[in-house]
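**Student:** Let me begin by handing over the structure; questions about it come next.
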Amino acid sequence: MNKISIGIFATAFVAVSGLSQAQSTAGSAPSSPSPLSPIYACADKTDPTERLACYDGAVAAIMAKEEKSEIVTFDKQRVEKVRREAFGFSLPSLPKLGLPAFGSGKKSGGSTDAATAANEVDIEEQTFVVTSQRMAGDRVVLTLENGQVWRLVEAGELNGPRRPPFNVTIRTAAMGSYILTVEGRNKGYRVRRVE
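All you need for our numbering is the position in the sequence shown, starting with 1, plus 1472.
Pasting the structure below:
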């Protein structure tokens, strides 16, 4: 390598490492306070009447926000149901939304624990029953029993039973794509969710 190539390489390395350091610093910025922090603050009160009044006020404020839909609660079952129903759509990940890590026993607004917990419930493959099959132009469109509609990316016919119902498996593939396989067949088809 000549001196110019080494200089360009060193400059690029410094720029990339500076960018990654800036991103990691920005990622560690404190998150917004929990909407439940007023309730948590009441636990620090030592006087029982003061503590009860604090809890009553905090609960009333949270109930008012919940009625106005300013606060929405999610439990683990609801999050998993949303993930299953949204399979095939591009949605923001739950850690980006700041939802807690389920099962870790800790409150976490987007930490490594939340990312790990979200990855544990990521859906990579689902099996469905096809209820209808039609052609849209030169592409096959399948409607599943849960109402999802999927379209083959490539033109052509589906190597499967001529009439529904039949089972298919859809799995995630590289770069956000999906592969559909008809039960009992080996060929996979690239598909995209339409509805």
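Ideal placement from N, C-alpha and C gives every residue a C-beta, glycine not left out.
Would Ala1530 pass as a contact of Ile1543 if the rule is Cβ separation under 9 Å?
**Tutor:** Result no, Cβ atoms of Ala1530 and Ile1543 do not sit closer than 9 Å.
**Student:** Applying the 10 Å Cβ sphere with the 16-neighbour rule, what's the burial state of Phe1559?
**Tutor:** Burial call: buried.
**Student:** Alpha carbons only, please: which of Pro1507, Arg1555 and Phe1546 is nearest the one belonging to Ala1532?
**Tutor:** The shortest Cα separation from Ala1532 among Pro1507, Arg1555 and Phe1546 belongs to Pro1507.
**Student:** Nearest-angstrom Cα distance between Arg1550 and Val1613?
**Tutor:** Each residue's alpha carbon lies about 29 Å from the other.
**Student:** To which residues of the same chain is Arg1611 closer than 7 Å at the C-beta, ignoring the five residues directly before and after it?
**Tutor:** The residues are Arg1623, Leu1624 and Ala1627.
**Student:** What is the residue span of the alpha helix (DSSP H) that Thr1521 lies within?
**Tutor:** From DSSP, the alpha helix (DSSP H) with Thr1521 extends over Pro1520 to Glu1539.
**Student:** Expressed to the nearest angstrom, what Euclidean distance is found between the alpha-carbon atoms of Asp1528 and Lys1540?
**Tutor:** Each residue's Cα considered, the two are about 19 Å apart.
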